[in-house]
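Taking the numbering used here, the leading residue of the sequence shown gets 1, the next gets one more, and so forth.
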Amino acid sequence: METTIATGTPRKAGADRTNPEDRLGLLDAALEYIEDRHWDVVLGTSVIREDGFCFCSCGDRGCAMIGSHPAMRDWQKRISGQPSKAHEWWAANPQGSIILPTGRAFDVLECSEEAGLLALARLERSGANPGPVAATPTRRLYFFILPNSRTKVAKALAELGWGRTALDLNCRSAGDYIVAPPSRMGTRGQVQWVRGPADSARWLPDPEEVLAPLAYACGLHRDRVAGFPR
């Protein structure tokens, strides 16, 4: 399979990294999302290392989403597209993850990495525009699509014959969020771009443009995991 996962995230030329604690370039990335993509952001939690163990900065020692959720309980009221707010947040929390709220500038179709890479290869071979795609260290892929697509996704899956089939394919829309590159997720690593939101992937696809190969790949993955012959 030709598709590979790229490391890091595109950086703005001449970006000023003034905080040595921001080793991942999170402020630069947050500013790029705001200024270049016109995407809103919100500050996420960070990974705290103590005595060889990792904990979430939220203070819950049993947190199952270490460094992978909003830092504020009322995060939906704190969402911002202001560069000054990004400077404020990441100056005080240089290792805080970048949270991108869904249902505003984009929605996200989430699936397993295996199914997602298969679908992505099919889309690229057909000459389609898959849009931006990100991968998490938990082996999940995020396909960025036009916002407010949840109802359209459900309808399209039904028309494709997958309406009553349990697929590992979720639409993240209004009220939800994703962790954005190059944020760290727990002890497993960073979120990375497979296809970054550069010029070639700037225009978000309609869900119907990517759903057929995604659903098919998710069905294959489900059958493989269950041990069903194809």
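Just so you know, even glycine gets a beta-carbon here, dropped at the ideal spot from N, CA and C.
Item	Value
Which partner residues does ASN170 have in the DSSP bridge list?	GLU110
Between the Cα of ALA105 and the Cα atoms of ASP36, MET72, GLY219, which residue gives the shortest distance?	ASP36
Write down every uninterrupted run of the beta strand (DSSP E) in the region 57–105 whose length is 3 residues or greater and which is fully enclosed by it, in chain order.	98–101
Using the beta-carbon count (16 or more within 10 Å), is THR151 buried or exposed?	exposed
Taking GLN82 as the reference, give the member of ALA166, SER149, THR45, GLU32 with the closest Cα.	GLU32
Does the region 36–46 come into contact with the region 91–106, if we say contact requires no fewer than three beta-carbon pairs (one atom in each stretch) closer than 8 Å?	yes
Skipping 5 residues on each side, what residues in its chain have a beta carbon closer than 6 Å to that of ARG122?	PRO213
Identify the residues that DSSP records as bridge partners of VAL179: which are they?	ILE99
Distance check for ASP74 and LEU167, CA to CA, integer angstroms please.	31 Å
So, using beta-carbon positions, are PRO181 and ALA119 closer together than 8 Å?	no
With a cut-off of 8 Å on the beta carbons, I'd call VAL153 and LEU117 a contact; round off their distance for me.	Not quite, the Cβ-Cβ distance comes to about 20 Å (not below 8 Å), so this is no contact.
Taking only three categories from DSSP, how would you classify ARG125?	helix
Compare the Cα-Cα distances from GLU110 to each of CYS171, TRP162, CYS58, SER80 and report the closest residue.	CYS171
Please classify LEU232: does DSSP put it in a helix, a strand, or coil?	For the chain, the structure presents residues 1 to 230; residue 232 sits outside this window and is missing.
When the Cα of THR187 is compared with those of ALA174, CYS63, ASP22, which residue comes out closest?	CYS63
Label THR4 either buried or exposed according to how many other C-beta atoms from any shown protein chain fall within 10 Å of its C-beta, with 16 as the threshold for buried.	Only weak support is given to the placement of THR4: the predicted model assigns it a pLDDT of 47, under 50, and the question is left unresolved by the model.
In the DSSP assignment, what are the bridge partners of TRP193?	ALA134
Enumerate in chain order the residues of its own chain whose CB-to-CB distance from SER112 is below 8 Å, with the five nearest sequence positions on each side excluded.	ARG139, ARG140, LEU141, ASP168, CYS218, HIS221
Rounded to whole angstroms, how far is the Cβ of LEU204 from the Cβ of GLY131, which I believe are closer than 8 Å?	5 Å
Just the C-alpha distance for ARG11 and ARG164, rounded to the nearest angstrom, thanks.	Residue placement at ARG11 cannot be trusted, given a pLDDT of 44 that sits under 50; what the coordinates show is reported in the next sentence. Cα to Cα, the separation comes out at about 42 Å.
If I follow the unbroken beta strand (DSSP E) through ARG49, where does it start and stop?	47–50
From what residue to what residue does the alpha helix (DSSP H) around ARG140 run?	Looking at the DSSP string, ARG140 is not in any alpha helix (DSSP H); the run it does join, the beta strand (DSSP E), is 140–145.
In this structure, does DSSP put ARG224 in helix, strand or coil?	helix
For the alpha helix (DSSP H) containing LEU157, list its first residue and its last residue.	150–159
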